[in-house]
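Worksheet for the structure shown next.
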Amino acid sequence: MPWPDRSGGAWAEEARPFVVPSAMALVHDAAPMETFPFWFSLATTVVLLVAALISGWQRKRRLHLWLGPLVMVSLGVTIWLTEELVRRYDFPEDIKRTHLWFAKAGGMLALPVIVTGFALWRTEKARVAHKVAVWVWLVSVLVATGTGFWMFSHGTLR
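For the sequence shown, our numbering begins at 23 and goes up steadily by one.
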């Protein structure tokens with residue numbers, strides 16, 4: 023896959039294996055210290071999310087009741103840091119519109135996770151609804167993340 027050659031704006035023919043193009047654009051275009059908070063927050067969110075999923079599967083309720091809200095807060099911080107990065111880029115409108123649709127859907131689908139989580143706290147009958155809400159939300163977040171990387175791969179630094 024050709025990559026932009028930042029020195030002259032032409033496409034370099036060298037292939038860079040094992041690197042996500044959008045991640046390269048984020049690192050390449052902005053100074054590393056400007057993007058570090060975003061990458062740290064994203065990694066923290068992923069670790070917390072995996073821990074929350076595992077604690078939920080293992081029915082470790084006390085731990086899960088801490089991790090679930092921490093995931094939502096960490097995701098909110100990551101979204102806020104992403105918004106800070108977005109202000110430094112120009113994106114094609116159709117790609118940006120596509121990503122925003124999935125990102126907003128992912129945000130809205132967090133509400134059923136929270137509501138069914140509270141319901142599960144009170145009654146076991148809500149377990150199936152909570153699992154469905156979590157999986158639907160997780161898929162939407164993964165799609166939003168993928169379209170976010172896609173959007174950044176087409177963005178240009180201002």
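For each residue, glycine too, the CB sits at the ideal point set by N, CA and C.
Since the structure is predicted, the reported quantities are computational estimates derived from the model, not experimental observations.
What are the boundary residues of the alpha helix (DSSP H) that residue i is part of?
i           : result
residue 106 : 83-108
residue 169 : 149-175
residue 122 : 115-130
Would you decide whether residue i is buried or exposed? Buried here means 16 or more other CB atoms lie within 10 Å of its CB.
i           : result
residue 145 : exposed
residue 166 : buried
residue 95  : exposed
residue 154 : exposed
residue 150 : exposed
residue 174 : buried
residue 133 : exposed
residue 164 : exposed
If residue i sits next to residue j, beta carbons under 8 Å apart, how far is it from one beta carbon to the other, in whole angstroms?
i           : j           : result
residue 128 : residue 162 : 4 Å
residue 117 : residue 176 : 5 Å
residue 124 : residue 169 : 5 Å
residue 131 : residue 108 : About 21 Å separates the two Cβ atoms, so there is no contact after all.
To the nearest angstrom, how far is the alpha carbon of residue i from that of residue j?
i           : j           : result
residue 156 : residue 135 : 6 Å
residue 110 : residue 179 : 6 Å
residue 148 : residue 85  : 19 Å
residue 93  : residue 63  : 11 Å
residue 115 : residue 106 : 18 Å
May I ask you to report which of helix, strand or coil DSSP gives residue i?
i           : result
residue 179 : strand
residue 25  : Here the model assigns residue 25 a pLDDT of 48, short of 50, so the residue's position is not dependable, and the following value carries that caveat. Residue 25 falls in the strand class under three-state DSSP.
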